[in-house]
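In what follows, a structure is listed as structure tokens, so that the remarks can point back to it.
Residue numbers (the numbering used here), protein chains in the order written: chain A, 3 to 135; chain B, 100 to 410.
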């Protein structure tokens, strides 16, 4: 999903200058706990967060986060914006809450970056040889 | 039950998000026309050893028909009826450019054993099963393994320098409680290792662990330093500080245990997951501390040989 599409879905303002709106992200993660971002995200993730301090950018850089959306209309302090420009991480701001931002993006098909069970539950269907063990 | 750490899963995870349906699907699709009888379908499924096929007119997808539909038709003695009467018309399909994670999500959501892959005009270009996904992932893992075998870029720089022992040492000072300017060491270590050409997966683990260690120094100590020592076979990152030290290391290592004050928590840190995260990322970890003096954390990351997770 491109930043342009995300901005539209979240009614969001792109804070950073010189952002390529066609840049895309593969998945998203909503977190206010930086250790969770470091543990559970993958390169190419969009981070949605309510935190605006510069360590969010440091965390994002460390974890390979592609772009950040600040939720609940929070505007980051100048040092955060400056650091994000230095690290080349686009910043967006949405007036919606974390829950609504995540919901809007998930509904539009942007997958989660969380752990998932690879072996989906076997339901009865066309697949006849379905081991239950 | 094998305990899975997040580092075990990372490569497969990233592949799932990177790989396109087109890269794992079966391209030579066996299809049937809507006029095909259920008896004929039975023979096709039996001889080809498959459990479902797309129904097409020309190459346009109009439905899916599976052994399930076949059984129901045969039970009712409708073997001579056509596929068009029994097929599923509301088909869930994928596009070749979608990622494998989209396919996995569809398998989790629906009970179908396969999904047709169609292009923008609705032409069937492939079919995907869970087996295709597993095969595709294994093939990619094998390719990664070969690439890793032939990857000698990281060691190049060391081979070019002649000495009995070569190491590159990066040293960074860490100031206490400076959450505006702090946290730079891990980013700089990350970029240095990228320039050396280390594997991105390993760089990520080193960056995450180093950042957690750096944040710990910023939160808890009176200042310290991060030293990364890169050698051909491993990177050793040492985080030392002067400060209060850790009275009970075992307790400090427990996930969720934290002594961080509220203002740290408001910054998104101090949830007591730092050391756990470091332990998961590093191949080896040693933590020593003296109360009232300071703390020393050593983290070893192997660049060659057995990676984290392989035992």
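Glycine is no exception: its CB is placed at the ideal position from the N, C-alpha and C atoms.
Taking the continuous alpha helix (DSSP H) assigned at residue i, which residues delimit it?
i                      : result
residue 41 of chain A  : 36-42
residue 137 of chain B : 137-147
residue 31 of chain A  : Here residue 31 of chain A belongs to no alpha helix (DSSP H); instead the beta strand (DSSP E) covers 29-32.
With 9 angstroms as the threshold, decide whether the Cβ of residue i is near any Cβ in chain A.
i                      : result
residue 192 of chain B : no
residue 153 of chain B : no
residue 289 of chain B : yes
residue 116 of chain B : yes
residue 283 of chain B : yes
residue 273 of chain B : no
residue 358 of chain B : no
residue 225 of chain B : no
residue 157 of chain B : no
residue 310 of chain B : yes
residue 320 of chain B : no
residue 331 of chain B : no
residue 119 of chain B : no
residue 379 of chain B : yes
With distances taken from CA atoms, which of the options is nearest residue i?
i                      : options                    : result
residue 10 of chain A  : A/107, A/101, A/113, A/115 : A/107
residue 223 of chain B : B/271, B/303, B/131, B/201 : B/131
residue 140 of chain B : B/245, B/162, B/169, B/257 : B/169
residue 8 of chain A   : A/101, A/94, A/42          : A/94
residue 324 of chain B : B/308, B/154, B/196, B/274 : B/274
residue 100 of chain A : A/16, A/50, A/39           : A/50
residue 351 of chain B : B/165, B/379, B/374, B/333 : B/374
residue 137 of chain B : B/176, B/197, B/371        : B/176
residue 335 of chain B : B/154, B/266, B/311, B/119 : B/266
residue 368 of chain B : B/211, B/276, B/398        : B/276
residue 31 of chain A  : A/22, A/5, A/82, A/71      : A/71
residue 151 of chain B : B/158, B/163, B/142, B/157 : B/163
residue 62 of chain A  : A/76, A/25, A/91, A/77     : A/91
residue 20 of chain A  : A/84, A/113, A/43          : A/84
Give a yes or no on whether 9 angstroms exceeds the smallest Cβ distance from residue i to chain B.
i                      : result
residue 106 of chain A : no
residue 179 of chain A : With chain A covering only 3 through 135, there is no way to say anything about residue 179 of chain A.
residue 28 of chain A  : yes
residue 100 of chain A : no
residue 51 of chain A  : yes
In chain B, which residues lie less than 8 angstroms from residue i when you measure between Cβ atoms?
i                     : result
residue 45 of chain A : 113, 299, 303
Per DSSP, residue i is paired with what?
i                      : result
residue 395 of chain B : B/339, B/387
residue 217 of chain B : B/223
residue 109 of chain B : Its beta-bridge partners do not exist; DSSP assigns none.
residue 163 of chain B : B/153, B/187
residue 358 of chain B : Answer is none; residue 358 of chain B lacks a bridge partner.
Under 8 angstroms Cβ-Cβ, which residues of chain A neighbour residue i?
i                      : result
residue 278 of chain B : 55, 56, 57
residue 373 of chain B : 37
residue 204 of chain B : 113
Residues of chain B with CB closer than 7 angstroms to the CB of residue i, please, in chain order.
i                     : result
residue 35 of chain A : 367, 370
residue 81 of chain A : 279
Locate the beta strand (DSSP E) running through residue i, then write down its first and last residues.
i                      : result
residue 271 of chain B : 267-273
residue 326 of chain B : 323-329
residue 71 of chain A  : 69-72
residue 51 of chain A  : 47-51
With a threshold of 9 angstroms between beta carbons, is residue i in contact with chain C?
i                      : result
residue 235 of chain B : Checking the listed chains, one finds no chain C in this structure; the protein chains it contains are A and B.
Given that residue i touches chain A, what residues does it touch there, using C-beta distances under 9 angstroms?
i                      : result
residue 216 of chain B : Residues of chain A passing the Cβ test: none, with the nearest at roughly 17 angstroms.
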